[in-house]
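One point on numbering: in numbering that gives the first Met the number 0, the residue at position 266 of the sequence shown is 265, and numbering is uninterrupted.
Have a look at the structure below before the remarks.
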Amino acid sequence: MPIAFAGLLRKARFPSVKHQYSYDTPFYVGTKLKNERIGTVHMHPGVELGSVPRGEGRIYVDGTFYPLRQGDCIFIDGMIPHGVETESTEPFENLHVHLSTESVIHASPREGDLRLLEPFVATQAGVVPVISGADRVFALLHDALEAYLSGSELSELSAWSIVTCALVELRRVVMPEIEKIRDEGWLKTNEIVTKAVSYIRGRFGEPLSLEDIARNCSCSVSHLSHVFSRHMGSSPIEYRNRIRIAHAVRRLASSDAKIERIAFDCGFESYSQFRQLFKRMTGQTPGAFQKKARSQQPSAQSR
């Protein structure tokens, strides 16, 4: 079956009371069965990949409805208002995968590689977020759901490895549409975001300011903030903080270093600032996290 992008159904306002926003988007693979209109628009950090295992419906994406049919695949920037519904009384099933923007970038072995993120960003430049005939993407998403729900010790990891393959295939399928919108502005934006990501990941342990990042990317602070947030779903400083906390988590779980030393090594200028951000992002204080991590480590006698 040839690849085809869905046609515009119509411009409209989604029949919801208000947008719902979620602050957290962990890796998740699930499916919903609907047999009546669901009128809720939502937004969330990260991106969403999905498919239609059965039935017919439609998807709302930032003011536009697109038809959905069995076998279709969907790819959405989570920060764009979107929602799925059906007007049919027949069962309509929607499989969906939630992914953080960082996890999509880190799926590549190349530092700061945005290629797997491009299909989702391209929807903001006019690429239709619904495709039919992408049989391999559809099959991989089905396999990822089965792996995720298997209940095995490695179910989440198995599902993630399959979703990574689906992201690679999606990028290959959408590439001809991306090429149509590539221009000097698109390339420059990608270059700025790539340089910013690489710079932050390489220097997160330093006193890194927004001005420092913008200077390295040869652009203004306002322009960097705009294009970075549009691509990554968070500001450069929020991204920097997540990288710092991620490294602190690994150090706390595997090192006997003092918490204050770890905080300083990860770029924080004060322990109180580190403690406050760590608790907000993990739900635990650094001390409580380290204590729990150490209690779960095997003792020397059991190794």
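Even glycine gets a Cβ: it sits at the ideal position worked out from N, Cα and C.
Beta-carbon proximity check, residue i vs residue j, cutoff 8 angstroms
i	j	result
A121	I58	no
I236	R250	no
M78	P118	no
H97	E168	no
V192	F137	no
L115	R171	no
T163	A106	yes
G204	D264	yes
E55	L67	yes
P80	V40	yes
A256	L223	no
E92	R53	yes
C72	S50	yes
F4	V83	no
G266	L209	no
G184	H95	no
I244	F277	yes
Three-state secondary structure (DSSP) of residue i
i	result
S281	Checking the sequence shown, residue 281 turns out to be Thr, not Ser. Here T281 sits in helix by DSSP.
F288	helix
P206	coil
K17	Residue confidence is low: K17 scores 39 on pLDDT, short of 50, so the model does not pin down where it sits. No coordinate-derived value is stated.
L390	Residue 390 cannot be examined here, being either before or after the span of the chain that is shown, 0 to 302.
Q295	coil
S269	coil
Per DSSP, the bridge partner or partners of residue i
i	result
R260	None; R260 has no bridge partner.
Y27	H97
T193	T193 is not bridged to any residue.
A3	S131
K33	F91
Endpoints, the alpha helix (DSSP H) within which residue i is located
i	result
S228	V220 to M231
V172	S154 to I180
E237	P235 to S253
Can you check the region 76-146 for any beta strand (DSSP E) of at least 3 residues that lies completely inside it and give the ranges in chain order?
81-84, 91-98 and 129-131
What are the uninterrupted segments assigned as alpha helix (DSSP H) that are 4 or more residues long and contained completely in the region 40-75, given in chain order?
none
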